[in-house]
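In the numbering used here, the protein residues as written are 1 to 366. Yeah, the Cβ is synthetic: ideal placement off N, Cα and C, and Gly gets one too. Computed from a predicted structure; not experimentally measured. This report concerns only the one structure given below.
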């Protein structure tokens with residue numbers, strides 16, 4: 001009996017969290033060649049610091065032991081550091097996701113994940129020259145109109161759905177591109193050069209340089225319901241043995257001529273995607289780089305449909321997806337063997353308690 005109680009106490013004591021955490025906010029240094037992140041920990045650090053999705057790459061992790069200050073430096077061209085061009089504000093965003101884990105092997109409750117982003121503003125160039133001033137001339141008033149701010153979202157079901165974070169293979173979604181402008185009938189947009197990425201450098205082209213679809217079973221030609229709107233329905237897919245993916249595209253902004261319609265890509269019905277097939281001599285449209293920006297969708301965690309319990313109704317399917325979403329967000333996961341062991345320990349504890357109560361009762365009656 002004492003042995004069983006001792007075993008139960010040992011099981012409970014092993015669940016004590018790691019006695020360490022991050023002190024304050026991390027220090028971020030945005031350099032000309034990369035990003036440096038430094039953390040201060042309450043106790044000497046004995047864990048791992050790595051870029052999410054690149055744990056196995058040597059330049060993307062740092063395992064410093066015994067120091068109260070730990071950090072990592074990432075070059076722009078390594079570890080999947082994402083660079084996005086922006087027109088409003090004009091410049092480049094560089095971002096990455098850093099995981100600081102206080103256990104040398106496992107992920108624990110005290111670990112933290114930080115999304116780090118640096119913005120490099122484009123410098124304004126001013127040219128000065130002496131000129132002669134003549135008589136008064138007619139003045140022209142010029143109004144400066146800010147460039148639109150664009151975003152790319154994967155929505156559930158259709159254009160009015162909510163952004164998707166967790167999805168099942170085959171689930172219907174809507175690729176939504178939208179640019180917000182302070183004026184109307186001023187700008188036009190064209191979406192082009194799109195790729196799907198698994199987060200580890202495996203990229204597949206979905207829209208070519210002219211804005212035409214490469215594989216209609218992945219993403220068909222976009223529809224343009226408005227001057228600054230584009231979208232298309234699609235179904236969720238995933239990479240083999242990879243659970244997450246996201247999309248990245250370029251959007252070119254042009255000024256709309258008064259009394260005209262926005263020019264849209266002229267695309268044929270796409271065939272099934274095949275690698276290394278020439279485009280048939282189709283000329284690429286070259287967009288102005290100064291008016292082109294990058295947009296990236298949210299990351300989507302996917303699961304194969306055959307991994308879910310079979311349900312006869314749509315309601316059951318939604319419930320299964322909801323359970324998957326909750327599990328992924330909260331991170332509570334336990335194996336079947338651990339569940340069985342906990343169940344056995346609880347049963348034995350209940351039996352021991354019953355035996356003790358009965359023994360005490362019989363002693364009192366004798």
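Figure out for me which residue from the options has the closest Cα to the Cα of residue i.
i, options, result
"residue 79", "214, 352 and 202", "202"
"residue 95", "85, 176, 40 and 268", "85"
"residue 249", "90, 163, 297 and 29", "297"
"residue 70", "93, 37, 90 and 55", "37"
"residue 39", "50, 119, 57 and 209", "50"
"residue 204", "230, 239 and 229", "239"
"residue 155", "221, 232 and 30", "232"
"residue 30", "62, 59 and 93", "93"
"residue 26", "18, 207 and 115", "115"
"residue 265", "109, 207 and 342", "207"
"residue 180", "22, 230 and 110", "230"
"residue 28", "117, 244, 169 and 182", "117"
"residue 91", "217, 209 and 120", "120"
"residue 111", "19, 58 and 182", "19"
"residue 244", "299, 285, 195 and 259", "299"
"residue 89", "21, 349 and 290", "290"
"residue 21", "109, 341 and 56", "109"
"residue 285", "357, 260, 259 and 209", "209"
Buried or exposed: where does residue i fall if 16 or more other Cβ atoms within 10 Å of its Cβ makes it buried?
i, result
"residue 275", "Unreliable placement is indicated for residue 275, whose pLDDT of 48 sits below 50; the coordinate value is still reported in the next sentence. Classification of residue 275: exposed, given that the 10 Å Cβ count is below 16."
"residue 270", "buried"
"residue 42", "exposed"
"residue 355", "exposed"
"residue 242", "exposed"
"residue 344", "exposed"
"residue 193", "buried"
"residue 32", "exposed"
"residue 48", "buried"
"residue 314", "The pLDDT assigned to residue 314 is 44, lower than 50, so where the model puts this residue is not dependable; a value taken from the coordinates is nonetheless given after this. Residue 314 comes out exposed."
"residue 359", "exposed"
"residue 351", "exposed"
"residue 277", "Bear in mind that a pLDDT of 43 at residue 277, under 50, signals an unreliable position, so the model cannot answer this."
"residue 214", "buried"
Between residue i and the rest of its own chain, which residues show a CB-CB distance below 8 Å, the 5 nearest in sequence each way excluded?
i, result
"residue 295", "84, 150, 151, 152, 177, 248, 249, 250 and 251"
"residue 157", "172, 173 and 174"
"residue 200", "53, 54, 80 and 242"
"residue 234", "172, 173, 174, 175, 218, 219 and 220"
Can you give me the Cβ contacts of residue i inside the same chain, cut-off strictly under 6 Å, excluding the 5 residues immediately before and after it?
i, result
"residue 87", "147 and 293"
"residue 52", "97 and 99"
"residue 188", "227, 254, 256 and 262"
"residue 46", "65"
"residue 171", "236"
"residue 267", "212 and 221"
"residue 190", "211 and 252"
"residue 62", "49 and 72"
"residue 287", "252"
"residue 82", "95"
Under 7 Å Cβ to Cβ from residue i, same chain only, skipping five residues before and after it: list those, please.
i, result
"residue 328", "Bear in mind that a pLDDT of 43 at residue 328, under 50, signals an unreliable position, so the number given afterwards is only what the model happens to contain. So the list reads 166 and 301, once near-sequence residues are dropped."
"residue 67", "44 and 45"
"residue 34", "73, 74, 75 and 76"
"residue 332", "Legend: pLDDT at residue 332 = 47, less than 50; position of this residue unreliable, no value from coordinates given."
"residue 107", "101"
"residue 23", "40, 41 and 42"
"residue 305", "168, 169 and 170"
"residue 59", "78 and 79"
Assuming residue i and residue j are in contact, meaning their beta carbons sit under 8 Å apart, how far apart are those beta carbons, in whole angstroms?
i, j, result
"residue 197", "residue 237", "Not quite, the Cβ-Cβ distance comes to about 13 Å (not below 8 Å), so this is no contact."
"residue 303", "residue 168", "6 Å"
"residue 145", "residue 122", "About 18 Å; that fails the 8 Å criterion."
Give a yes or no on whether the minimum CB-CB distance between residue i and chain D is below 7 Å.
i, result
"residue 70", "No chain D is present in this structure, which holds just one protein chain."
Answer yes if the stretch 100-108 comes into contact with the stretch 155-166, meaning at least three C-beta pairs across the two stretches below 8 Å, and no otherwise.
no
Contact the stretch 178-186 vs the stretch 217-225: 3+ CB pairs below 8 Å
no
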